[in-house]
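Residue numbers (full-length UniProt numbering), protein chains in the order written: chain A, 1 to 379; chain B, 1 to 223. Glycine included, each C-beta is placed from N, C-alpha and C at the ideal position. All values reported here derive from a predicted model rather than from experimental measurement. Report on the structure given below.
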Amino acid sequence: LSPLFPIQLDFWLAPRGLGFPVDIRVPFPSLQPVKAHLEASGVSYSIMIEDVQALVDEEQTEMLRRSRQLPLDTNTFNYEAYHTLDEIYNFMDMLVAENPNLVSKLEIGRSTEDRPLYVLKFSTGGTNRPAIWIDTGIHSREWVTQASGVWFAKKIVQDHANNEGVASILETMDIFLEIVTNPDGFAFTHTSNRMWRKTRSKHSSSICVGVDPNRNWDAGFGEAGASGNPCTETYHGPYANSEPEVKSIVDFVKSHGNIKAFISIHSYSQLLLYPYGYTSTPVPDQQELHEVSAKAVEALSSLYGTKYKYGSIITTIYRASGATVDWTYNQGIKYSFTFELRDTGRYGFLLPAKQIVPTAEETWLALKVIMEHTRDNMY
Amino acid sequence: SPAMELPPSHFPAGRAAAVAVGYLRYLRGGPGRGLELRALRRARRQDINDVGHKYYLELELEDVLDKGRTVHCTAEVLYHLGSKSTAPDVQVTVQGELRSTEEADKEFYNGIRSLEKELVAENIPDSHGNVPPELEPIHLLAWAASGYITWQNSTENTKFHLAQVKHVKQVKRSDEDLQFDFVLLLHEMVSQEVIPWEVTLLWHPRRGARVSRDRRQPGHAPG
Chain A
1 LSPLFPIQLD FWLAPRGLGF PVDIRVPFPS LQPVKAHLEA SGVSYSIMIE DVQALVDEEQ
61 TEMLRRSRQL PLDTNTFNYE AYHTLDEIYN FMDMLVAENP NLVSKLEIGR STEDRPLYVL
121 KFSTGGTNRP AIWIDTGIHS REWVTQASGV WFAKKIVQDH ANNEGVASIL ETMDIFLEIV
181 TNPDGFAFTH TSNRMWRKTR SKHSSSICVG VDPNRNWDAG FGEAGASGNP CTETYHGPYA
241 NSEPEVKSIV DFVKSHGNIK AFISIHSYSQ LLLYPYGYTS TPVPDQQELH EVSAKAVEAL
301 SSLYGTKYKY GSIITTIYRA SGATVDWTYN QGIKYSFTFE LRDTGRYGFL LPAKQIVPTA
361 EETWLALKVI MEHTRDNMY
Chain B
1 SPAMELPPSH FPAGRAAAVA VGYLRYLRGG PGRGLELRAL RRARRQDIND VGHKYYLELE
61 LEDVLDKGRT VHCTAEVLYH LGSKSTAPDV QVTVQGELRS TEEADKEFYN GIRSLEKELV
121 AENIPDSHGN VPPELEPIHL LAWAASGYIT WQNSTENTKF HLAQVKHVKQ VKRSDEDLQF
181 DFVLLLHEMV SQEVIPWEVT LLWHPRRGAR VSRDRRQPGH APG
């Protein structure tokens, strides 16, 4: 039939021999001629699918709907996609519900727009154990960071269940993870402006909105390396800790009193940075932090060959005042680091979703180096 | 004064390297080639009295469509003294050959020329980092155009990257060039600003890419 009819018949079950059935998808314009030919030849046929396109369309709709639907548990959650604030907050609740003996959710404050600021606590017990702090998403447009934070949360739970990886760290230390450190900004990147960086506060009589939460900390606050103009991306705010997103962490860190490592995660540029940003005076622990960075970066690279540079903020990237880890270091948290994750500018903030998991996996190796060094060098 | 050795991991060398790469990306980039910095091997800086600061760089680049190959380059970047309106002088020497894009260029050229309606697109990549395969050549052309903007507007206190192609509109021409009117979003690393920039890019398989017009869009979105 096929050579006689150059009319694009698509055989889903090809001819095998006399007496064997054949399944054919027939394009619409060829329907009549094919039917006519079969009838004239006395070949019986039945219609299995009236409209293949309709089925394909329905599948497409279903796939789209499923990808937006709330997953049933953290095993069906899609780690290879970017999610909304609601989806991430739902993920946290599922993770806690599935692992009540390991994970709890703390509300450390409310954002300017009154969104809850949630921190996940991973603990196997004890009272106020020495702790590691990790935050992602302080700059809302850096989407690979919140997505990595979600992956880290699941990874911690998995390691603990399999008694590998960070399970040994959890024997003596707690891990605190704030996945969406700037929820107002994050919501805004979904609804209005994908490139939004700052918080969504309005302080002055300026029409401009937002403070750079990584210039709002009380370490060299207001000095060179931040802007006093509310309409700029590095606006430090009217005073240190003016932003509830920052103040809530400051209050948490001070009242906890036993945090030993503090890691704040950003993108992009592929850098591992330690203090200071506000001064070129090296930190007293410069040599040790530099050595830990070298080891962490080597571990990161070992997975996919991703190249990182490392050094102090002020020498490696730029002068920045009021930065998170400058404050935490000055509080006595020696192992204070900032990451800038993938990539180096080809996609920048718009990192393809398929790079989320590889980025999280390699970054986790570096985080483990820092966590293990902290545990093994307790102070 | 003599040239001083600079640590490649420190930002002054990195910023000069970005200018050199932007310049080369503009010169040699196209719908089938996107050049990116893989590693900065060595950097030196020379302060020339009454002239400016000159950087000498040894770079390893790669074509994002041909990552297996290393492209070795040397570059010189001269930032003019006290000048915000003069582009840095850049010279780049590429060792060896870049992978040929003749076929891909021809295919792209013929494809665009045969379009009935002028191509229009926006948000490349989209929020999730997706670039539809048929728009990848447009993304690479925009990246080449952004190389021009980077080169023309860089100082020792800036570092530009292409954040997104906000909008692109093809404009049919009576001559043999393809014309694309872009609105690009440029991310400037030091100020962290994302700046909309109108760029008109002409492209031809043999003549390559040329920016015929560019304009930084005025004003700043307050929120």
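Closer than 8 angstroms by C-beta to residue i: which residues in its own chain qualify, once you throw out the five before and the five after it? Chain order, please.
i: A:M173; result: R129, P130, A131, I132, K260, M371, T374 and R375
i: A:K105; result: M92, D93, V96, Y118, V119, L120 and K121
i: B:W151; result: V19, G22, Y23, Y26, A87, P88 and V90
i: A:A226; result: D212, R215, T234, Y235, H236, A320, S321 and G322
i: B:T158; result: R15, E188, M189, V190 and S191
i: B:L178; result: Y109, I112, R113, Q170, L202, W203 and H204
i: B:A121; result: L135, I138, V165, H167 and V168
According to DSSP, residue i sits in a beta bridge with which residue or residues?
i: A:F337; result: A:I263
i: B:F160; result: B:E188
i: A:S227; result: A:Y235
i: A:K105; result: A:L120
i: B:F182; result: B:V168 and B:V199
i: B:H204; result: B:G208
i: A:S321; result: DSSP output for A:S321 lists no bridge partner at all.
i: A:T136; result: A:I265
i: A:A366; result: Paired residue(s): none; A:A366 is not in a bridge.
i: B:D214; result: B:V199
i: A:G311; result: A:L273
i: A:R25; result: A:D10
In chain order, what residues of the same chain lie with their CB nearer than 6 angstroms to the CB of residue i, ignoring the 5 residues before and after it?
i: B:A163; result: L185, H187 and V194
i: A:F252; result: I108
i: B:R33; result: D63 and T101
i: B:P125; result: V131
i: B:L119; result: Q170
i: A:D326; result: A219, P275, Y276, G277 and Y278
i: B:T74; result: E58 and T93
i: A:N99; result: V157
Between residue i and the ligand COA, is there a pair consisting of the residue's CB and a ligand heavy atom that are separated by less than 7 angstroms?
i: A:N78; result: No copy of the ligand COA appears in this structure; indeed no ligand is present at all.
Could one say the Cβ of residue i lies closer than 8 angstroms to chain B's Cβ atoms, at least one of them?
i: A:Y352; result: It is Pro, not Tyr, that sits at residue 352 of chain A in the sequence shown. Chain B contact via Cβ: present.
i: A:I138; result: no
i: A:R342; result: no
i: A:I317; result: yes
i: A:F252; result: no
i: A:L1; result: Because A:L1 sits at a pLDDT of 46, beneath the cut-off of 50, its placement in the model cannot be relied upon, and the following sentence gives the value as read from the coordinates. It does not; no Cβ of chain B falls within 8 angstroms.
i: A:G305; result: no
i: A:K309; result: yes
i: A:E245; result: no
i: A:R129; result: no
i: A:K232; result: Looking at the sequence provided, one finds Thr at residue 232 of chain A rather than Lys. For A:T232, the answer is yes, since a Cβ of chain B falls inside 8 angstroms of its Cβ.
i: A:G165; result: no
i: A:R194; result: yes
i: A:R346; result: yes
i: A:Y82; result: yes
i: A:R115; result: no
Please confirm whether residue i has its beta-carbon closer than 8 angstroms to some beta-carbon of chain A.
i: B:S154; result: no
i: B:L35; result: no
i: B:Q164; result: yes
i: B:S191; result: yes
i: B:V64; result: yes
i: B:T127; result: It should be noted that the sequence gives Ser, not Thr, for residue 127 of chain B. At least one chain A Cβ lies under 8 angstroms of B:S127.
i: B:A39; result: yes
i: residue 235 of chain B; result: Since the displayed chain B opens at 1 and closes at 223, residue 235 of chain B lies outside it and no answer follows.
i: B:V194; result: yes
i: B:F11; result: yes
i: B:H161; result: yes
i: B:N110; result: no
What whole-angstrom Cβ distance do residue i and residue j have, given they're in contact under 8 angstroms?
i: B:V90; j: B:Y23; result: 4 angstroms
i: B:V92; j: B:Y148; result: In fact, because the Cβ distance is near 14 angstroms, the residues do not count as touching under 8 angstroms.
i: B:G129; j: A:L300; result: Actually they do not touch by this definition, with Cβ atoms about 21 angstroms apart.
i: A:Y268; j: A:L341; result: 6 angstroms
i: B:R41; j: B:L59; result: 7 angstroms
i: B:P31; j: B:L141; result: 5 angstroms
i: B:E116; j: B:P12; result: At roughly 50 angstroms, the Cβ-Cβ gap does not stay under 8 angstroms, so B:E116 and B:P12 are not in contact.
i: A:K155; j: A:T74; result: With 8 angstroms as the limit, A:K155 and A:T74 do not qualify as a contact, their Cβ atoms being about 11 angstroms apart.
Could you name the residues of the same chain whose beta carbon sits closer than 7 angstroms to that of residue i, not counting the 5 residues immediately before and after it, in chain order?
i: A:A224; result: R319 and S321
i: A:I88; result: Q146, V150, I179 and V180
i: A:T112; result: D184, T199, R200, S201 and P244
i: A:R141; result: T189, R194, M195, W196, R197 and F349
i: A:S336; result: F262, Y274, P275, V325, T328 and Y329
i: B:P205; result: D105, K106 and Y109
i: B:P196; result: K166, V183, L185 and Q217
* With a floor of 3 residues, list each beta strand (DSSP E) that falls wholly inside the UniProt domain "Cystatin LXN-type" (2 to 103) of chain B, ordered by position along the chain. => 4 to 6, 35 to 48, 52 to 63, 66 to 80 and 89 to 95
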